[in-house]
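Engineer:
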Amino acid sequence: MFHQLLSVALLSLLLDSTTAAPKPKPAPACSWDTPNVKCTCPANTFYSSSTTWATIGANARDVRAITDNFLDTAWLGSVPVAQSGNGRVAGATRGFEQDGVVFSERLVDYRTQNDGSFVQKYDQLDAPITYNLSTGAVTYAGEWDTLSVKAAGPRSTQVTWSIYACFGAESPFAAFHESAINNATAILRKAGKIHGYDVAPHSKSYEDPH
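My numbering applies: residue 374 is where the sequence shown begins, and numbers increase by one.
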């Protein structure tokens, strides 16, 4: 009898251990609340992220003068087709045309320091949108960007530009950010503002197409 009771008890424990295993929680939907973690993107898109670092051999105030205005995009190498608001006040918007579709971004946060340092955060305003490219339709369902410009000395400024996004194709973020930082450095050099050493932009990117 004792052996029978023991067998029943062991079987019950075994069943409990195999049926009560908790299910893994799905990753949260991508948003400003999910920095530095893999998050869930909408259908037809996948998670991608990129961070670009560089050092510009100029005073941070001079770097800020050509890069901190959200609506003044000459250093990016592109011109908005639409814009609204104040480029140094949260709520400003800008729109760029891509293959006949206007892609809009919104300034979410802008903060400065007396030494010329600043942080600018912006995101996609009109997510999701779809581009009809020669390779097929591509959906862009959100991006979250942070541009940090930090004084590292009177002749040195550190730039960190990070993004995570939900995109339906291979992301161009690293190449775009590196090109823009090189443009900013060239503008400052032409203006005679480079007095220190530059460290060329370099990036680390991640994509999860599954």
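In this text, a Cβ means the ideal position worked out from N, Cα and C, and glycines have one as well.
1. Less than 8 Å between the CB atoms is what I'm expecting for Gly450 and Ala557, so what's the real figure, rounded?
2. Quick one: is Gly430 buried, meaning 16 or more other Cβ sit within 10 Å of its Cβ, or exposed?
3. Less than 6 Å between C-beta atoms, sequence neighbours within five positions excluded: which residues of the same chain meet that for Gly509?
4. Specify the secondary structure class of Arg528 as computed by DSSP and reduced to three states.
5. What are the uninterrupted segments assigned as beta strand (DSSP E) that are 3 or more residues long and contained completely in the stretch 442-473, given in chain order?
6. Please look up how many angstroms separate the CB atoms of Ala433 and Ala524, rounded, as I've assumed it's under 8 Å.
7. Give a yes or no on whether the C-beta atoms belonging to Ala455 and Gly468 are separated by under 8 Å.
8. With a CB to CB cut of under 6 Å and the five nearest residues on each side skipped, what residues in its chain are close to Pro574?
9. Under three-state DSSP, which class holds Leu520?
10. Nearest by alpha-carbon distance to Tyr462: which of Arg479, Val475, Ala400 is it?
11. Output yes or no for whether 8 Å exceeds the beta carbon distance between Glu516 and Ala538.
12. Taking the CB atoms as reference points, tell me whether Val522 and Val410 lie closer together than 8 Å.
13. For Leu386, which three-state DSSP category applies?
14. Just the Cα atoms here: how many angstroms apart are Pro399 and Thr446?
15. With C-beta atoms as the reference, is Ile567 less than 8 Å away from Ile439?
16. Quick one: give me the first and last residue of the beta strand (DSSP E) that Ser507 is part of.
17. Nearest by alpha-carbon distance to Ser507: which of Trp448, Gln471, Trp405, Ala416 is it?
Structural biologist: So, to answer that:
1. The pair is not a contact, with the Cβ atoms about 10 Å apart (cut-off 8 Å).
2. buried
3. none
4. coil
5. 455-457, 466-471
6. Right, the Cβ-Cβ distance comes to about 4 Å (below 8 Å), so this counts as a contact.
7. yes
8. Thr425, Ala427, Glu551, Ile554
9. strand
10. As written in the sequence, residue 462 is Val, which differs from the Tyr given in the question. Taking only the C-alpha atoms, the option nearest Val462 is Arg479.
11. yes
12. no
13. The pLDDT assigned to Leu386 is 48, lower than 50, so where the model puts this residue is not dependable; a value taken from the coordinates is nonetheless given after this. In the displayed model, Leu386 falls within a helix according to three-state DSSP.
14. 38 Å
15. no
16. Here Ser507 belongs to no beta strand (DSSP E), and DSSP marks it neither H nor E.
17. Out of Trp448, Gln471, Trp405, Ala416, Gln471 has the C-alpha closest to the C-alpha of Ser507.
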